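To convert, take the position in the sequence shown, counting from 1, and add 144; that gives the numbering used here.
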Amino acid sequence: MNKRRVGADKERQAAEYLTGKGMQVLETNFRCRQGEIDLICRHRGYLVFVEVKYRSASEKGYALEAVDYRKQLRICRVADYYRYVHGLGDGTGVRYDVVGIQGSEIQWVQNAFPHIYARGY
Numbered sequence: 145m146n147k148r149r150v151g152a153d154k155e156r157q158a159a160e161y162l163t164g165k166g167m168q169v170l171e172t173n174f175r176c177r178q179g180e181i182d183l184i185c186r187h188r189g190y191l192v193f194v195e196v197k198y199r200s201a202s203e204k205g206y207a208l209e210a211v212d213y214r215k216q217l218r219i220c221r222v223a224d225y226y227r228y229v230h231g232l233g234d235g236t237g238v239r240y241d242v243v244g245i246q247g248s249e250i251q252w253v254q255n256a257f258p259h260i261y262a263r264g265y
C-alpha cells in the first residue's frame with residue numbers, strides 16, 4: 145500500500161472516530177495555494193481544523209510530534225483562506241485539533257495549538 149492510500153485511509157479512520165465523538169465533518173482534504181487541511185469540522189460551536197498524523201511505530205517518532213511550528217503556521221494560513229472564501233469573519237470561533245494515530249491507537253488533542261498570525265496580515 146502506498147503512502148497516499150495509507151494517509152487517506154487514516155484520515156477516513158480519524159473522521160469516523162471524530163464523528164463518533166460528536167463532530168460534524170464538513171470537508172476533507174481542503175486544498176489551496178497555502179497548503180492543505182485534512183479535516184474541517186464543526187464541534188460545540190467551533191469551526192475546527194484538524195490535522196491527522198500517522199506513524200506505524202515509534203521508530204520514526206510519534207505522530208503528535210510531527211505537527212511542528214511550521215506545520216501549524218501553514219494550517220493557520222489555510223484556515224484563514226478557508227474562512228475568507230466562505231465569508232466567515234473574525235467572530236467565528238476557530239479551534240485547531242490534531243489526531244495522532246500511532247499503530248492502532250488514536251489520540252485526539254483538542255485545541256492543540258493557538259492561531260498563528262502570518263506576517264503581512
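Built from N, CA and C at the ideal position, the CB exists for glycine as well.
Nothing here was measured: the structure is a model prediction, and the numbers come from that model.
In whole angstroms, what separates the C-alpha of Glu155 from that of Val194? Residue mapping note: residue 155 aligns to position 11 of the sequence shown, counting from 1. Residue mapping note: residue 194 aligns to position 50 of the sequence shown, counting from 1. Looking at the two C-alpha atoms, the distance is approximately 10 Å.
Rounded straight-line distance, which links the Cα of Tyr161 to that of Leu217: Taking the sequence shown and counting its residues from 1, the one referred to as residue 217 is at position 73. Taking the sequence shown and counting its residues from 1, the one referred to as residue 161 is at position 17. Per the coordinates, the alpha-carbon of Leu217 lies some 25 Å from the alpha-carbon of Tyr161.
Exposed or buried, which one is Ala207 when buried takes at least 16 other CB atoms within 10 Å? Here residue 207 is taken as the residue at index 63 of the sequence shown, counted from 1. Answer is buried; the Cβ neighbour count reaches 16.
Please work out which residues of its chain come closer than 7 Å, Cβ to Cβ, to Cys185, disregarding the five sequence neighbours upstream and downstream, and give them in chain order. Residue 185 sits at position 41 when you count from the first residue of the sequence shown. Non-local beta-carbon contacts of Cys185 in its own chain, meaning distances under 7 Å to residues more than five positions away in sequence, involve Leu162, Met167, Gln168, Val169, Leu170, Val192 and Val194 in chain order.
Note down the Cα distance separating Glu249 from Arg148, rounded to an integer number of angstroms. Translated into the one-based positions of the sequence shown, residue 249 becomes position 105. Translated into the one-based positions of the sequence shown, residue 148 becomes position 4. Rounded to the nearest angstrom, the two C-alpha atoms are 20 Å apart.
Under the DSSP definition of a beta bridge, which residues are partnered with Gln168? In the sequence shown, residue 168 corresponds to position 24, counting from 1. Bridge partners of Gln168: Arg186.
With a threshold of 8 Å, are at least 3 pairs of Cβ atoms found where one atom belongs to the segment 221-237 and the other to the segment 195-202? No, they do not touch.
In whole angstroms, what is the alpha-carbon distance linking His259 and Asn146? Taking the sequence shown and counting its residues from 1, one reaches residue 259 at position 115. Taking the sequence shown and counting its residues from 1, one reaches residue 146 at position 2. In a straight line, the C-alpha of His259 is about 32 Å away from that of Asn146.
Counting C-beta neighbours from all protein chains within 10 Å, is the total for Val211 16 or more, i.e. buried, or is it exposed? One-based indexing of the sequence shown puts residue 211 at position 67. Sixteen is the threshold: when 16 or more other Cβ atoms of the shown chains lie within 10 Å of the Cβ of Val211, as they do, the residue is buried.
What is the DSSP secondary structure of Gln216, reduced to helix, strand or coil? Locating residue 216 in the sequence shown gives position 72, where the first residue counts as 1. Gln216 falls in the helix class under three-state DSSP.
Could you give the distance in angstroms between the alpha-carbon of Val229 and the alpha-carbon of Cys176? Locating residue 229 in the sequence shown gives position 85, where the first residue counts as 1. Locating residue 176 in the sequence shown gives position 32, where the first residue counts as 1. Those two C-alpha atoms are separated by around 11 Å.
Once the 5 residues before and after Cys220 are set aside, which same chain residues still bring their CB inside 6 Å of it? As a first step, residue 220 is located in the sequence shown; it is residue number 76 there, counting from the start. Cβ within range, chain order: His259 and Ile260.
Beta strand (DSSP E) containing Val242: first to last residue? Here residue 242 refers to the residue found at position 98 of the sequence shown. DSSP places Val242 in the uninterrupted beta strand (DSSP E) bounded by Val238 to Gln246.
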